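Residue numbers (this note's numbering): 5 to 189.
Using N, Cα and C, we set each Cβ at its ideal position, and we do this for glycine too.
Values in this document were obtained by computation on a predicted structure and should not be read as measured data.
Right, one structure below, let's go through it.
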């Protein structure tokens, strides 16, 4: 398989299933977290640069490596239909996703096609990025009794659903009610 690159139109790229980012997570210490909480409370609930991060006592850096690994769901109707890629990595400085050529699951990704994350143009095909654990959880939800739930996912139907919900740059448009709740504050 030759290298497959997927273009990303925005600096950020989010999982189409959980909405989380594909990036190196920031870790903090309990003392830094307490200082940040104190700064937020003493400023009336807002601070310009809150120190954010995960506590290693709750989740280790090793346990969080899955957040950097990316897979994509794509569809090339004129070629092989819908597909789920193998592992890849998001590179923010290059605004691209590179599928790992040594992952056998990437050998079935059609080559010679220009791919865009969340975006379809006349000369390209859209793909939707996701974390593998998110896809496995989704598959388990829709195929509860299957021995291999991911094999039961109708990839073409899932692709078409995501395509109908895309904002065409970096995420899906999902009406969860969160925006209404935030506007009431």
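Output the distance between the C-alpha atoms of residue i and residue j, rounded to the nearest integer angstrom.
{"i": "residue 37", "j": "residue 29", "result": "15 Å"}
{"i": "residue 157", "j": "residue 146", "result": "8 Å"}
{"i": "residue 155", "j": "residue 60", "result": "34 Å"}
{"i": "residue 160", "j": "residue 35", "result": "48 Å"}
{"i": "residue 27", "j": "residue 93", "result": "9 Å"}
{"i": "residue 98", "j": "residue 81", "result": "28 Å"}
{"i": "residue 144", "j": "residue 90", "result": "19 Å"}
{"i": "residue 46", "j": "residue 40", "result": "10 Å"}
{"i": "residue 115", "j": "residue 10", "result": "11 Å"}
{"i": "residue 66", "j": "residue 123", "result": "32 Å"}
{"i": "residue 148", "j": "residue 102", "result": "32 Å"}
According to DSSP, is residue i helix, strand or coil?
{"i": "residue 98", "result": "coil"}
{"i": "residue 29", "result": "coil"}
{"i": "residue 177", "result": "coil"}
{"i": "residue 59", "result": "coil"}
{"i": "residue 69", "result": "helix"}
{"i": "residue 21", "result": "coil"}
{"i": "residue 171", "result": "coil"}
{"i": "residue 110", "result": "helix"}
{"i": "residue 93", "result": "strand"}
Can you find the residues in the same chain that come closer than 6 Å, C-beta to C-beta, to residue i, ignoring five residues on each side of it along the sequence?
{"i": "residue 163", "result": "77, 79, 86"}
{"i": "residue 5", "result": "Reliability fails at residue 5, whose pLDDT of 48 lies under 50, so the model's placement of it is uncertain and the value that follows must be treated cautiously. Hits under 6 Å: 105, 110, 111."}
Between residue i and residue j, how many whole angstroms is the CB-CB distance? I'm expecting something under 8 Å.
{"i": "residue 134", "j": "residue 42", "result": "The Cβ separation is near 37 Å, so there is no contact."}
{"i": "residue 24", "j": "residue 175", "result": "With a Cβ gap of about 10 Å, residue 24 and residue 175 do not count as contacting."}
{"i": "residue 113", "j": "residue 8", "result": "6 Å"}
{"i": "residue 100", "j": "residue 12", "result": "6 Å"}
Going by alpha carbons, who is nearest to residue i out of the options?
{"i": "residue 117", "options": "107, 109, 130, 105", "result": "130"}
{"i": "residue 72", "options": "62, 96, 81, 88", "result": "96"}
{"i": "residue 120", "options": "107, 165, 170", "result": "170"}
{"i": "residue 125", "options": "101, 167, 149", "result": "167"}
{"i": "residue 142", "options": "128, 122, 20", "result": "20"}
{"i": "residue 177", "options": "108, 132, 153", "result": "132"}
{"i": "residue 136", "options": "70, 148, 165", "result": "70"}
Tell me which same chain residues have a C-beta within less than 8 Å of the C-beta of residue i, skipping the five on either side of it?
{"i": "residue 58", "result": "29, 30, 31, 32, 68"}
{"i": "residue 140", "result": "153, 154"}
Could you pull out every residue in the same chain whose Cβ sits closer than 7 Å to the Cβ of residue i, ignoring the five residues on either side in sequence?
{"i": "residue 138", "result": "19, 21, 22"}
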